[in-house]
Each structure stands twice: as C-alpha cells, then as structure tokens.
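K.L.:
Submitted below is the structure of interest, expressed as structure tokens.
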Amino acid sequence: MIAPSILNINNLNLKDDIATAAENGITRFHIDIMDGHFVPNLSFGPQLVSDFKAEFPDLEAEVHLMSNNPDVLVPEFAKTKADLILLHYEAMTEDKLNHWIDFLHSNGIKAGIVLNPDTPVSILEKFQAKIDQVLMMTVYPGFGGQKFISGSCERIKEANELLAGRVPIEVDGGINDKTAQLAKEAGANIFVAGSYLFCQKSIQVQIEKLEKAVEE
Ligand code: DX5
Ligand code: ZN
Numbered sequence: 001m002i003a004p005s006i007l008n009i010n011n012l013n014l015k016d017d018i019a020t021a022a023e024n025g026i027t028r029f030h031i032d033i034m035d036g037h038f039v040p041n042l043s044f045g046p047q048l049v050s051d052f053k054a055e056f057p058d059l060e061a062e063v064h065l066m067s068n069n070p071d072v073l074v075p076e077f078a079k080t081k082a083d084l085i086l087l088h089y090e091a092m093t094e095d096k097l098n099h100w101i102d103f104l105h106s107n108g109i110k111a112g113i114v115l116n117p118d119t120p121v122s123i124l125e126k127f128q129a130k131i132d133q134v135l136m137m138t139v140y141p142g143f144g145g146q147k148f149i150s151g152s153c154e155r156i157k158e159a160n161e162l163l164a165g166r167v168p169i170e171v172d173g174g175i176n177d178k179t180a181q182l183a184k185e186a187g188a189n190i191f192v193a194g195s196y197l198f199c200q201k202s203i204q205v206q207i208e209k210l211e212k213a214v215e216e
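Note that UniProt numbering has the sequence shown beginning at 1, numbered continuously upward.
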C-alpha cells in the first residue's frame with residue numbers, strides 16, 4: 001500500500017492534490033505533524049486532520065506525530081477522527097508510550113510506533129503485541145525531499161524477522177520507485193512518499209510508477 005505524505009504539497013493546493021491522488025486509487029494519506037522542537041520544522045495542526053476527515057470521510061488519515069509533547073498533543077489529535085496515530089519511541093518514556101497507546105485504543109484509534117534511523121529495532125519486541133503498525137524512518141525526520149539512508153534495509157529485515165508478519169511495517173523518507181522496491185524486498189508493506197508523488201509533473205504518473213514498483 002502507498003500512503004502519500006501531504007507535507008510537500010503546496011498548502012494552497014492540498015484539496016486538489018489529495019483528490020487527484022484519491023482518484024488514482026489512494027485510500028490512505030500520511031499527515032506529518034512537526035512541533036518545531038522534537039524536529040526543527042513546523043507543519044500542520046489538528047485542524048488540518050479534522051478538515052481532511054470532514055472533506056474526505058472515506059479516506060484514511062494516519063498521523064505521524066513528531067513531537068515530544070504528547071501530553072498536550074495526543075488528546076488534541078485524538079479528537080480529529082484520525083484513523084491511526086504514530087508515536088515516536090524517542091519522544092517519550094516507555095511508560096508514557098504505553099499509556100498513550102492504551103489511550104488511543106480506548107478512543108477507537110489505531111496506534112503505532114515510529115523508530116528513528118538509529119533507534120534499536122529490538123525495542124519492538126516489548127510493544128509488538130499492542131501496536132497496529134510500525135513506522136521505520138528511512139531518513140532523520142523533519143523535512144521532505146531527503147535521501148533514503150542506505151542501511152535502512154538491514155533494519156527493515158530485522159524488524160520483519162522480529163515481527164514475523166504480525167504487525168505491518170511502513171517506511172518513510174526518500175521513497176521512490178527504486179528505494180520502495182528495496183524496502184519491499186526487505187519486508188516493508190506500506191510506503192510513504194511525499195516529494196516523489198507531489199513535486200513532479202504528474203501525480204497520476206508518479207503513483208502509477210510507485211504502484212508498479214511495489215505491486216505483489
Ligand atoms: C519526514 C516525514 C516524511 C516526509 C516524506 O520527516 O516524516 O513523511 O515528508 O517526504 P519524502 O518522500 O519527500 O522523503
Ligand atoms: Zn512522515
């Protein structure tokens with residue numbers, strides 16, 4: 001599955017570009033939330049996620065929460081009708097992570113864990129039974145348009161062996177037709193792509209190329 005990141009869409013074109021991607025078969029969108037603290041950049045707030053779900057109720061919204069202020073932001077994003085919220089392992093204590101995963105589940109929202117490129121994959125062992133998805137960062141978070149980190153495939157393989165198909169593995173950062181294929185071979189199931197889809201001439205052509213690279 002491809003989950004386009006809307007981060008690099010011209011903000012004034014969000015609705016049109018999301019609709020174009022949906023017309024070309026996309027059913028889930030990846031919404032990057034950056035707090036200017038956990039990562040050195042700002043992006044969207046909860047209003048954007050609410051607006052997305054109001055405009056496109058049949059599309060799934062997954063929120064990639066890049067913030068170390070979960071006590072304030074997780075309850076705010078839980079009000080938005082997001083389908084899935086992904087929390088960074090590095091952004092809080094394990095107790096907090098457990099707490100917020102349980103909180104999301106009790107609000108009917110799926111929950112996942114995000115791992116930065118240098119966070120040990122082995123930490124997934126203690127969370128695998130309670131999460132709906134894992135997001136493996138293949139760049140350091142903060143900006144779109146970065147280059148896929150080459151050692152990422154080893155980490156994806158390690159996660160794939162550890163999880164043994166129990167939890168879907170998503171990859172995020174520098175995904176194009178080439179890197180998506182490598183990530184797929186290593187065991188990834190869901191592919192986030194931003195600039196590859198939205199910063200070229202045709203969204204339709206880019207989706208087709210990426211679909212072809214990751215199709216079964
Ligand atoms: C990076 C974000 C990614 C990013 C993807 O912090 O989490 O979702 O915007 O953009 P590309 O595909 O351009 O790397
Ligand atoms: Zn992301």
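Just so you know, even glycine gets a beta-carbon here, dropped at the ideal spot from N, CA and C.
Say the cut is 7 angstroms; is the CB of residue 74 nearer than that to a heavy atom of the ligand PLP?
P.N.:
By its list of ligands, the structure shown excludes the ligand PLP, since it contains just the ligand DX5 and the ligand ZN.
K.L.:
Could you tell me the alpha carbon to alpha carbon distance between residue 110 and residue 174, rounded to whole angstroms?
P.N.:
25 angstroms
K.L.:
Assuming residue 133 and residue 167 form a contact by the criterion Cβ under 8 angstroms, report the distance between their Cβ atoms to the nearest whole angstrom.
P.N.:
6 angstroms
K.L.:
In its own chain, which residues sit with a C-beta less than 6 angstroms from the C-beta of residue 91, not counting the 5 before and 5 after it?
P.N.:
If you ignore the 5 residues before and after residue 91, its C-beta comes within less than 6 angstroms of the C-beta of 38 and 68, all in its own chain and listed in chain order.
K.L.:
Closer than 7 angstroms to a non-hydrogen atom of the ligand DX5 - does that hold for the CB of residue 128?
P.N.:
no
K.L.:
Got a sec, what are the start and stop residues for the beta strand (DSSP E) residue 30 sits in?
P.N.:
Where residue 30 is concerned, the enclosing beta strand (DSSP E) stretches over 28 to 34.
K.L.:
Over the uninterrupted beta strand (DSSP E) stretch that includes residue 157, give me the two end residues.
P.N.:
Premise fails: residue 157 lies in the alpha helix (DSSP H), 152 to 163, not in any beta strand (DSSP E).
K.L.:
Residues around the ligand ZN, please: the condition is that the C-beta lies closer than 5 angstroms to some non-hydrogen atom of it.
P.N.:
32, 64 and 172
K.L.:
Please confirm whether residue 172 and residue 138 have their CB atoms less than 8 angstroms apart.
P.N.:
Contact: yes.
K.L.:
Hey, is the segment 27 to 37 in contact with the segment 57 to 74, meaning 3+ C-beta pairs nearer than 8 angstroms?
P.N.:
Short answer: they touch.
K.L.:
How far does the beta strand (DSSP E) with residue 4 in it reach, from first residue to last?
P.N.:
Note, residue 4: beta strand (DSSP E), 2 to 4.
K.L.:
Taking all protein chains shown into account, do 16 or more other C-beta atoms lie within 10 angstroms of the C-beta of residue 4, making it buried, or fewer, making it exposed?
P.N.:
Buried, since its Cβ has 16 or more Cβ neighbours within 10 Å.
K.L.:
Taking the alpha-carbon positions, what's the residue 251 to residue 169 distance?
P.N.:
Within the shown structure, residues of the chain are numbered from 1 to 216, placing residue 251 beyond reach of any answer.
K.L.:
Does the distance between the C-beta of residue 142 and the nearest non-hydrogen atom of the ligand DX5 fall short of 7 angstroms?
P.N.:
Correct: residue 142 has its Cβ closer than 7 angstroms to the ligand DX5.
K.L.:
Going by beta-carbon coordinates alone, are residue 114 and residue 80 separated by less than 8 angstroms?
P.N.:
no
K.L.:
Cβ of residue 242 within 8 angstroms of Cβ of residue 2?
P.N.:
Since the first and last residues shown for the chain are 1 and 216, residue 242 lies out of range.
K.L.:
Take the Cβ of residue 112 as the centre, count every other Cβ of all protein chains shown within 10 Å, and call the residue buried at 16 or more, exposed below.
P.N.:
buried
K.L.:
Pick helix, strand or coil for residue 110, following the three-state DSSP scheme.
P.N.:
strand
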